[in-house]
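In this note's numbering, the protein residues as written are 144 to 281.
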């Protein structure tokens, strides 16, 4: 489903518009989506599967939608997120883990994993496991 420009959080597998992109304690997967991006349409199918994946049920899913990056985006909050997180490729996936206001971020494009859903899922799980492991060492 191609959404209107804006910032959305997924609740029970369905996107709900929110006023801005902000992070509290927890794990997040953020999909920076461009409405004019053909590769984003390819990734949409995988995104829907990730959102419904029970192995990722402790992660909050967020989608930030512009027409074409910050340069073609009428929604100010989405535009701000693209600029703040320096999103220049699409689709871009940003993984975020926040503990006690400390934010850890990793970004990748699905093309880095040849749009292979299992490799993408493995990268997601590895990031959160690595962050958790490092937190336990401290």
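Think of the CB as a built atom: it goes at the ideal place given N, C-alpha and C, for glycine as much as any other residue.
Delimiting residues of the alpha helix (DSSP H) encompassing residue i
i           : result
residue 271 : 260-280
Bounding residues of the beta strand (DSSP E) (the contiguous stretch that carries residue i)
i           : result
residue 151 : 149-154
residue 177 : 169-177
Anticipated Cβ contact below 8 Å, residue i with residue j, distance rounded
i           : j           : result
residue 156 : residue 217 : That pair is no contact at about 27 Å.
residue 203 : residue 228 : The Cβ separation is near 16 Å, so there is no contact.
residue 234 : residue 271 : That pair is no contact at about 20 Å.
residue 198 : residue 258 : No, residue 198 and residue 258 are not in contact; Cβ-Cβ is about 19 Å, not under 8 Å.
Residue j beta carbon less than 8 Å from that of residue i
i           : j           : result
residue 191 : residue 183 : no
residue 256 : residue 206 : no
residue 167 : residue 241 : yes
residue 239 : residue 232 : no
residue 210 : residue 179 : yes
residue 253 : residue 230 : no
| At what residue ranges does the region 179-254 contain a whole run of the alpha helix (DSSP H), taking only runs of 4 or more? | 181-195 and 219-227
| Counting Cβ pairs closer than 8 Å, one from the region 162-172 and one from the region 220-231, do we hit at least three? | yes
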